[in-house]
Structure formats: C-alpha cells, structure tokens
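Input: a single structure, listed below in structure tokens.
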Amino acid sequence: MASQSANLWVLLGLGLAGILLVTRKLKKTIREDFGAFVQRLQLLPPPPPPPPKAPHPLTGFTFAVSDVFDIDGHVTGFGHPDWVKTHDKASWTSPVVTTLVEGGATCIGKTVVDELAYGISGENKHYGTPTNPAAHASVPGGSSSGAAVAVAANLVDFSLGIDTVGGVRIPAGFCGILGFRPSHGAVSHVGIIPISTSLDTIGWFAKDPNILRRVGHVLLQLPYAIQRSPRQIIIADDCFQLLKIPVDKVVQVVIKSTEKLFGKQVLKHENVEDYLRSKAPTLKDFHSKKSNGELKTFSTRLLANVMQSLQRHEFKRNHGEWISLVKPILDPAISAQIYETLDTADTDIENYKAIRDEMRTAISSLLKDDGILVIPTIADPPPKLGGKEILSEEYQSRACSLLSIASISGCCQVTIPLGFHNKCPLSVSFIARHGGDRFLLDTVQTMYTTLQEQADIAAKPKVSRNVVSKEQSAEIAKEKGNQAFKDKQWQKAIGFYTEAIKLSGTTATYYSNRALAYLELGSYLQAEADCTQAINLDKKNVKAYLRRATAREMLGYYKEAIEDFRYALVLEPTNKRASQSVERLRKLFQ
Numbered sequence: 125m126a127s128q129s130a131n132l133w134v135l136l137g138l139g140l141a142g143i144l145l146v147t148r149k150l151k152k153t154i155r156e157d158f159g160a161f162v163q164r165l166q167l168l169p170p171p172p173p174p175p176p177k178a179p180h181p182l183t184g185f186t187f188a189v190s191d192v193f194d195i196d197g198h199v200t201g202f203g204h205p206d207w208v209k210t211h212d213k214a215s216w217t218s219p220v221v222t223t224l225v226e227g228g229a230t231c232i233g234k235t236v237v238d239e240l241a242y243g244i245s246g247e248n249k250h251y252g253t254p255t256n257p258a259a260h261a262s263v264p265g266g267s268s269s270g271a272a273v274a275v276a277a278n279l280v281d282f283s284l285g286i287d288t289v290g291g292v293r294i295p296a297g298f299c300g301i302l303g304f305r306p307s308h309g310a311v312s313h314v315g316i317i318p319i320s321t322s323l324d325t326i327g328w329f330a331k332d333p334n335i336l337r338r339v340g341h342v343l344l345q346l347p348y349a350i351q352r353s354p355r356q357i358i359i360a361d362d363c364f365q366l367l368k369i370p371v372d373k374v375v376q377v378v379i380k381s382t383e384k385l386f387g388k389q390v391l392k393h394e395n396v397e398d399y400l401r402s403k404a405p406t407l408k409d410f411h412s413k414k415s416n417g418e419l420k421t422f423s424t425r426l427l428a429n430v431m432q433s434l435q436r437h438e439f440k441r442n443h444g445e446w447i448s449l450v451k452p453i454l455d456p457a458i459s460a461q462i463y464e465t466l467d468t469a470d471t472d473i474e475n476y477k478a479i480r481d482e483m484r485t486a487i488s489s490l491l492k493d494d495g496i497l498v499i500p501t502i503a504d505p506p507p508k509l510g511g512k513e514i515l516s517e518e519y520q521s522r523a524c525s526l527l528s529i530a531s532i533s534g535c536c537q538v539t540i541p542l543g544f545h546n547k548c549p550l551s552v553s554f555i556a557r558h559g560g561d562r563f564l565l566d567t568v569q570t571m572y573t574t575l576q577e578q579a580d581i582a583a584k585p586k587v588s589r590n591v592v593s594k595e596q597s598a599e600i601a602k603e604k605g606n607q608a609f610k611d612k613q614w615q616k617a618i619g620f621y622t623e624a625i626k627l628s629g630t631t632a633t634y635y636s637n638r639a640l641a642y643l644e645l646g647s648y649l650q651a652e653a654d655c656t657q658a659i660n661l662d663k664k665n666v667k668a669y670l671r672r673a674t675a676r677e678m679l680g681y682y683k684e685a686i687e688d689f690r691y692a693l694v695l696e697p698t699n700k701r702a703s704q705s706v707e708r709l710r711k712l713f714q
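Under my numbering, think of the first position of the sequence shown as 125, with each following residue one higher.
Here you go:
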C-alpha cells in the first residue's frame, strides 16, 4: 500500500512538472512576438550606394506596419477575418511603406489592429490581443496596438500605425514608447484603408527619439534646416486636472526639464477651456443649437463630441455598405458606436469644418512657430485586460477631450514616456502648430534625455519626493501668480501667492509678491503686513522694503516710509527709486 502511494506521488510530481514545463514553453512563445503580428513578410531595401556616397538614412533599421496598409500580394486585413474573406490581395504597396523601404529600412510584417481599426483599447478577439510589454495585465491601447507592442518589445526599430482619434498616441502612452501623430495631410493617405478621412493621419512609433526624428524626416521629406529651440512651453493647467494620477508626477518633470534646458522664462500656463471658448465661437454656437442652450459643457468635451460624430459619420460613409452586406460579428463596444443612429445634416458637416478651421487658427495663434502646448496624453493609466472601465462614457469622455485637440485642429502631437506610476507607464504629450512637425521632432530630440532624468528623480522614494513636491508646487503657484499679475488680474495673483505661502510659508518672495498685488488693489494694510513678514524672513529683501515704504506712505506713515526707503538704499545704494522717494518725502516735510 505504501509502495502504491509512493508511485502515485511520483506520477503526480511528473505530471505537475510537465504542466510547469508546458506553461513555461507557452509563456516563452508569447514573449517571442507578444502577439503583435498577424503576418510575417519581408520587404528588402535596395543595396546601399557605394562610397563616398552617404548610406540610405534608414539603413539597418527594421519596421512593421499596422494591418491597414496595402502591401503588394497580401490582403489588407483591417482587424477582421470577414474583411479578409471579402477582399482581394493588394496589387501594389502603399507609397509610405515603399518610401521607408527605399530609405533603407526592412519591413518584416503586419501587426494587429482593433476590429476595423475603430477601438482604443487594442483588444481583438479574432487575432488575439497583443501583450503589453510594459504592463502585461493591461491593455496595449489601440487602434494600432500591434505596432506599438512590436516596438516596445524590441521586435522592430520603428513601426507605422494609423491615428484617427488616438490610434498611435494612446498605445504609445500605454506601452511606454514614443508615438508621433503628424500634422493632418502631412503624410500621404494613399494605400491605406480609411477610417475617417478628415481625422486620419499616418503615425509612427519608436523607442529612440533619434529614430523617431529620422523616420519623420524621410516620411515628411524635410530638407536640412537649423534646429530651433522652443521659446515658450505652455502647460495646459486645466487639462492636467483630468489626470487620474498625481499631477506633479508629470507636470514637475516637464517644468524641471524646461528650466534646466531653456530657463524659467520659457514656461507659461494656460487655461485651454477659456482660450478655446474665446477663439472657437462656432463650437459654442453649434452646441447651443444642439442642446437648445440648456447645458453648459466644457469646450474640450464639445470637441470630443464633434470628433466622435465626425469619425462615425465618415466611417459609415466609407464602410457602411460593406457592413450592411456582410454583417460582420463585431465587438459590442465597437458595434454600439458604429451602429449608433446619427442625425448628421449637411449643415453639421459644414459646422465641423468651421470648428476645425477655427481650432487650427486658435492653436497656431497660441503657439506660433516656436511654442509647445503640454497636455496629458490620456487621463487614465492603462486599464486591465477584459475590464469594462474603458467602455464607460466617463472614461471615453476624459480620453477624447484630450485627444480631440490635435485630431480636430490637425496639429501635430507626440507622446513621450515618463517612467512608471504603480507599475503602469506614464506619458506626456507635446503639441505644435499645424505644419510644425520638424520643430516638434527637434524639440523631442533636445528634451528627451533630460525628461527621462527628471522622471527618474520624480520616481525616488516617497519621503524625499514629498519634501521636494511641496516646494515645487509652491513654485508653480508663484509662477501662476506672476503670470496673473502680468495679465493685471490682481485678485487671481493674490490667490496663487496665497497658495504658495500655504505650501511654503518660509519663502520671503511669496509674501513680497503678494504685497505688490495688494498695492495694486489699494489694500495697503495687507501689503504692509506681507512686507513685514517678508523682511522678518529675509532682512536683505530690498523689494520688500520698497513695497512696505510705498504702503506706509499711502497710509500716511511718512516717517516710517522714509526709514524703509533709506534702508533699501543701504542694501542697494544705486537704487534710483529709493533715493528719489527719500528726497521727495524729505522736501515735503521741510
């Protein structure tokens, strides 16, 4: 009996070992291509030119393309087997793919997209969802999920995707890599399956900013030009309020990097909602007509509605007949959007075009030739596989509010990875004006290393990070106060300086700055009190003495005012304002 029991345990042990062995083999198979590819192929570049001619710009690089690009002799799959069954092989190769191959790169395959390239999760029940190399339990993001995964898993040097409402930007953010959406119309759409022609752009992924830039130069056919640095980097404060992670994890990384590379004077803050409300009147009027003026909705949420409506309208125009004829089985989330009844009149389409033109003009006016708008790529971390969160209206609204800025305006946008938070990738997005693609690629190359360094610093243990965070948050509040003061918004400036004081009450500058705003409002007692506090903290703060002297003069404390002006002269003998004020007050009381 004991012998039989021993044999049973041996058999069980062998069985478990076999199961473990099989499991390990399966995991190894998954890791080898991460489910990124639907088809392997090879398009080889021409031979390199003989010396002394320069080699092709992309020599030695490999790439993959999303399964929406035509390649001669292969059926373009569009993320659905029914599409493959009902379409012939392509008789030519997309010019974009040909350009890259002729530029020296080798194409090694086609990658998974969402069904009909319509979703944003990256999930595909027909071909399998590619595994996110940066967060295995999370979705990779879509629609160009396989292309992003191929780069993130180091299977290729770069890849091509299609970005309509975030198809490149979202998976780049979720997989922790670079993703570039060029200006609308900058890269030819010929030889790809369209989703929404007014919104579609051909984008690309890379891990290395130099490769991202080099691919951009080939696709955009950019001639040589001197690299330019940004003169203004504008933080979209209200957009960052949508974030579901600590804002400082992203904003402070950008601020510190900017200060280190270009100086504080380059940084600005903007409320995008307020700006768009004033610059895109058709958006407001269009919403009023649709809602009879009953609802108050944020400008970016209105933009999101316009983007989603335009996507559905044009998708149905392109593929509605095929869907009606073939009746493909679609994921419920995608079919709900595609089959949603739309009341889209011709006047609505004209309004969409007017909103697009106003948006493009507004962003160009804000950024000019040398400005960058900084926004979150997406508000939420990558959702878990199989979860329902990404399907919720609130999630979609937050995501599309941010993604619609570039999609509707047609401006170029880049997703930049910034490390991890709670084991999920973090990212930020930079937007440049329509046509500013070279400038945006140059800016990414210039800032990338410093951004990664600052992201590493921000990821340090909590104790030290919290100490830094309060000081940094106070500095942000002060800078906002300074901007409000320049805009002559005195009360708003006081609010920001008060916030800075609450965060760091031992900094004399915050009290002195708030005193100046109080002076502008004629609140002389508050100004005097703030200056006194600033002087207690810093006995050599010349500005605090000058401002307290002004407050005391206005309150009728002339003797004390003269003393303050004189002390300012002791600290700064060449100060003309102090010397002139002393002379003026002395003559007044002779």
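The beta-carbon is built from N, C-alpha and C at its ideal position, and this holds for glycine as well.
>> Would Ile600 and Leu575 be called neighbours here (beta carbons separated by less than 8 Å)?
In response: In the sequence shown, residue 600 corresponds to position 476, counting from 1. In the sequence shown, residue 575 corresponds to position 451, counting from 1. Cβ distance not < 8 Å, so Ile600 and Leu575 don't count as in contact.
>> Beta-carbon within less than 6 Å of Ser705's beta-carbon, same chain only, minus the 5 sequence neighbours each way: which residues are those?
In response: Taking the sequence shown and counting its residues from 1, one reaches residue 705 at position 581. Scanning its chain for C-beta atoms nearer than 6 Å, with the 5 sequence neighbours on each side dropped, one finds around Ser705 the residues Phe689, in chain order.
>> Using only the alpha-carbon positions, how far apart do Asp324 and Gly559 sit?
In response: If you number the sequence shown from 1, residue 324 lands on position 200. If you number the sequence shown from 1, residue 559 lands on position 435. Their backbone Cα atoms lie some 16 Å apart in a straight line.
> In or out: Thr471 buried (at least 16 other Cβ within 10 Å) or exposed?
Replying inline: As a first step, residue 471 is located in the sequence shown; it is residue number 347 there, counting from the start. The residue in question, Thr471, is exposed, as its Cβ has fewer than 16 Cβ neighbours within 10 Å.
>> Can you tell me where the alpha helix (DSSP H) holding Lys612 begins and where it ends?
In response: Taking the first residue of the sequence shown as position 1, residue 612 is located at position 488. In the DSSP annotation of this structure, Lys612 is not part of any alpha helix (DSSP H), being labelled neither H nor E.
> Is the beta carbon of His204 sitting closer than 8 Å to the one on Leu240?
Replying inline: In the sequence shown, the residue the question calls residue 204 occupies position 80. In the sequence shown, the residue the question calls residue 240 occupies position 116. Between His204 and Leu240, the CB-CB gap stays under 8 Å.
> Within 10 angstroms of its Cβ, does Gly243 collect 16 or more other Cβ (buried), or is it exposed?
Replying inline: Against the sequence shown, residue 243 aligns to sequence position 119. Burial check for Gly243: the Cβ neighbour count within 10 Å reaches 16 or more, so the residue is buried.
> So what does DSSP say about Val192, is it helix, strand or coil?
Replying inline: Reading the sequence shown from its first residue, position 68 is the one you call residue 192. Here DSSP, grouped into helix, strand and coil, assigns Val192 to coil.
> So what does DSSP say about Cys715, is it helix, strand or coil?
Replying inline: Only positions 125 to 714 of the chain appear in the structure, and residue 715 is not among them; the question remains open.
> Sorted by chain position, which residues of the same chain lie with C-beta nearer than 6 Å to Ile543's C-beta, five sequence neighbours on each side aside?
Replying inline: Position 419 of the sequence shown holds residue 543. Correcting the residue identity first, residue 543 is Gly in this sequence and not Ile. Same-chain partners within the cutoff: Leu550, Ala579 and Ala583.
>> Ignoring anything shorter than 3 residues, give me the beta strand (DSSP E) runs that lie fully in the stretch 476-526, in order along the chain.
In response: Within the stretch 476-526, the complete beta strand (DSSP E) runs of at least 3 residues are 495-499.
> Do you know offhand how far Thr230's Cα is from Leu224's?
Replying inline: Taking the sequence shown and counting its residues from 1, the one referred to as residue 230 is at position 106. Taking the sequence shown and counting its residues from 1, the one referred to as residue 224 is at position 100. C-alpha separation (whole angstroms): 8 Å.
> If you drop the 5 nearest sequence neighbours on each side, which residues of the same chain put their C-beta closer than 7 Å to that of Lys209?
Replying inline: Here residue 209 is taken as the residue at index 85 of the sequence shown, counted from 1. So no residue of the chain qualifies.
>> Rounded to the nearest angstrom, what separates Glu623 and Ser597 at their Cα positions?
In response: Counted from its first residue, the sequence shown places residue 623 at position 499. Counted from its first residue, the sequence shown places residue 597 at position 473. Approximately 9 Å, taken between the alpha carbons.
> Residue range of the beta strand (DSSP E) that Gln356 falls in?
Replying inline: One-based indexing of the sequence shown puts residue 356 at position 232. Per DSSP, the continuous beta strand (DSSP E) segment holding Gln356 begins and ends at Gln356 to Ala360.
> What's the call for Thr630, buried or exposed, on a 16-neighbour Cβ count within 10 Å?
Replying inline: As a working mapping, residue 630 is identified with position 506 in the sequence shown. With fewer than 16 other Cβ atoms within 10 Å, it is exposed.
>> List, from N- to C-terminal side, the alpha helix (DSSP H) runs of 4 residues or more that fit wholly inside the stretch 196-269.
In response: Entirely contained in the stretch 196-269, the alpha helix (DSSP H) runs reaching 4 residues are, in chain order, 205-209 and 219-226.
> For Met431, which residues from the same chain have a beta carbon less than 8 Å from its beta carbon, with the 5 sequence-adjacent residues on both sides left out?
Replying inline: The residue given as residue 431 occupies position 307 in the sequence shown. Contacts found: Val289, Leu323, Cys524, Leu527, Ser528, Ser531 and Ile532.
> How about the stretch 258-273 and the stretch 290-302: do they share at least three Cβ pairs that are nearer than 8 Å?
Replying inline: Verdict: yes, contact present.
> What is the DSSP secondary structure of Asp332, reduced to helix, strand or coil?
Replying inline: By one-based count along the sequence shown, residue 332 stands at place 208. Asp332: coil per DSSP, three-state reduction.
> Can you tell me whether Ala658 is buried or exposed, with buried defined as 16 or more other CB within 10 angstroms of its CB?
Replying inline: Numbered from 1 along the sequence shown, position 534 holds the residue referred to as residue 658. By the neighbour-count rule (16 or more Cβ atoms within 10 Å), Ala658 is buried.
> With 16 as the cutoff for other CB atoms within 10 Å, does Trp216 come out buried or exposed?
Replying inline: Within the sequence shown, residue 216 is the residue found at index 92, counting from 1. With fewer than 16 Cβ atoms within 10 Å of its Cβ, Trp216 is classed as exposed.
> When you compare each of Ser423, Glu696 and Val339 to Lys667 by their alpha carbons, which one comes out closest?
Replying inline: The sequence position of residue 667 within the sequence shown is 543, counting from 1. Of the residues Ser423, Glu696 and Val339, the one whose Cα lies closest to the Cα of Lys667 is Glu696.
> So Leu344 and Val311 are in contact, right, with Cβ under 8 Å, and what is the actual spacing, rounded?
Replying inline: The sequence position of residue 344 within the sequence shown is 220, counting from 1. The sequence position of residue 311 within the sequence shown is 187, counting from 1. Yes, they are in contact, since the Cβ atoms of Leu344 and Val311 sit about 7 Å apart, within 8 Å.
> Nearest CA to the CA of Ser423: which residue from Thr698, Ser521 and Arg672?
Replying inline: Counting from 1 along the sequence shown, the entry for residue 423 is found at position 299. The shortest Cα separation from Ser423 among Thr698, Ser521 and Arg672 belongs to Ser521.
> DSSP on Arg701, reduced to helix/strand/coil?
Replying inline: On the sequence shown, residue 701 is found 577 positions in, with the first residue counted as 1. Three-state result, Arg701: helix.
> To the nearest angstrom, how far is it from the Cα of Gly233 to the Cα of Phe554?
Replying inline: Within the sequence shown, the letter at position 109 stands for residue 233. Within the sequence shown, the letter at position 430 stands for residue 554. Whole-angstrom Cα-Cα distance: 30 Å.
> Is Val538 closer than 8 Å to Val498 when the C-beta atoms are compared?
Replying inline: Reading the sequence shown from its first residue, position 374 is the one you call residue 498. Reading the sequence shown from its first residue, position 414 is the one you call residue 538. With respect to the 8 Å criterion, Val498 and Val538 are not classified as neighbours on the basis of their beta carbons.
> Using DSSP with H/G/I as helix, E/B as strand and the rest coil, what is Val396?
Replying inline: Within the sequence shown, residue 396 is the residue found at index 272, counting from 1. Helix, per DSSP.
> On the premise that Val236 lies in contact with Asn248, defined as a C-beta separation below 8 Å, what is that separation, rounded to the nearest angstrom?
Replying inline: Start at 1 with the first residue of the sequence shown, and residue 248 comes out as number 124. Start at 1 with the first residue of the sequence shown, and residue 236 comes out as number 112. So it is a contact: roughly 6 Å between Cβ atoms.
> Whose CA, out of Glu383, Gln365, Ala349 and Ile316, lies closest to the CA of Ala571?
Replying inline: For the purposes of this step, residue 571 is taken as residue 447 along the sequence shown, with counting starting at 1. The question names Ala, but residue 571 is Met in the sequence shown. Out of Glu383, Gln365, Ala349 and Ile316, Glu383 has the C-alpha closest to the C-alpha of Met571.
> Given that a residue counts as buried once 16 or more other Cβ atoms are within 10 Å of its Cβ, and exposed if not, what is Val314?
Replying inline: By 1-based counting over the sequence shown, the position of residue 314 is 190. Flag for Val314 reads exposed.
>> So, under 8 Å CB-CB, Gln435 and Ser320 are touching, yes? Tell me the CB distance rounded to an integer number of Å.
In response: Numbered from its first residue, the sequence shown carries residue 435 at position 311. Numbered from its first residue, the sequence shown carries residue 320 at position 196. 4 Å between Cβ atoms; contact.
>> By the three-class DSSP mapping on this structure, what secondary structure does Val371 have?
In response: The residue you call residue 371 lines up with position 247 of the sequence shown. Reduced to three states, the DSSP call for Val371 is coil.
>> Which residue marks the beginning of the alpha helix (DSSP H) containing Pro456, and which one marks its end?
In response: Taking the first residue of the sequence shown as position 1, residue 456 is located at position 332. Run containing Pro456: Pro456 to Ile462, per the alpha helix (DSSP H) assignment.
>> Taking 8 Å as the threshold (C-beta atoms), are Lys594 and Ser636 in contact?
In response: The residue you call residue 636 lines up with position 512 of the sequence shown. The residue you call residue 594 lines up with position 470 of the sequence shown. Between Ser636 and Lys594, the C-beta gap is not smaller than 8 Å, which leaves the two residues out of contact.
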